[in-house]
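J.:
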Amino acid sequence: MSPKVHESVRYFSAEQRDSIEDGCPNAALLDEIGRSTDPTRQAYTDGALVLIDGFAARPAPHDPPSARLKSLGLLGMLAGTLQLSRTLTDRQLADQLLEQGIRNALALLDAEQHN
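Numbers 641 to 755, taken from our numbering, label the letters of the sequence shown in order.
1. Could you say which of 733, 689 and 696 lies nearest to residue 711 if we only look at CA atoms?
2. For residue 761, which three-state DSSP category applies?
3. Which residues bound the alpha helix (DSSP H) around residue 728?
4. Report the option in 705, 719, 729 and 745 whose CA atom is closest to the CA atom of residue 665.
5. Does the beta-carbon distance from residue 723 to residue 689 come in below 8 angstroms?
6. Quick one: residues in its chain with C-beta nearer than 8 angstroms to the C-beta of residue 717, no 5 flanking neighbours on either side, listed in chain order?
7. If we ignore side chains and look at the alpha-carbon of each, how far apart do residue 726 and residue 736 end up?
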C-alpha cells in the first residue's frame, strides 16, 4: 500500500473520527478559525498553504502549481468528511461516510497519477 493510500485510510478511520482531542485540527477547529480574527485566519491560511503545497509536490513534483487546486480540494474533502462524520449520531451512516471518503480520496489521487 502506497504512503498516500495508507494516509487516506488512516485519516478516515473510526479511531480518527472518535479521537476529537488528538485528531486532525482542521476537522476540529475550522468553525472556530472561521470566526476568528484576521491575524488568526491569516496564520491558519499560511499553514494550510504549506500543507496544500506539500500535497501538490507529491503527485506532480515537476509542476506543483498544476496540482495545487486539486490539493486544496483534497484538503477540503478530508477535513469536511471527517468533520461531518463526527456530527452524525447514526454510527453506521458515519462509518459509511468515512468509507466513501476513502474511495473519493483514492479516486482523486489515482486521477492525479494518470494526469
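Even for Gly, the Cβ is constructed at its ideal location relative to N, Cα and C.
T.: Straight from the coordinates:
1. 696
2. The requested residue 761 is not part of the displayed model; the chain covers only 641 to 755.
3. Run containing residue 728: none; DSSP gives neither H nor E here.
4. The shortest Cα separation from residue 665 among 705, 719, 729 and 745 belongs to 719.
5. no
6. Contacts found: 741, 744, 745 and 748.
7. 12 angstroms
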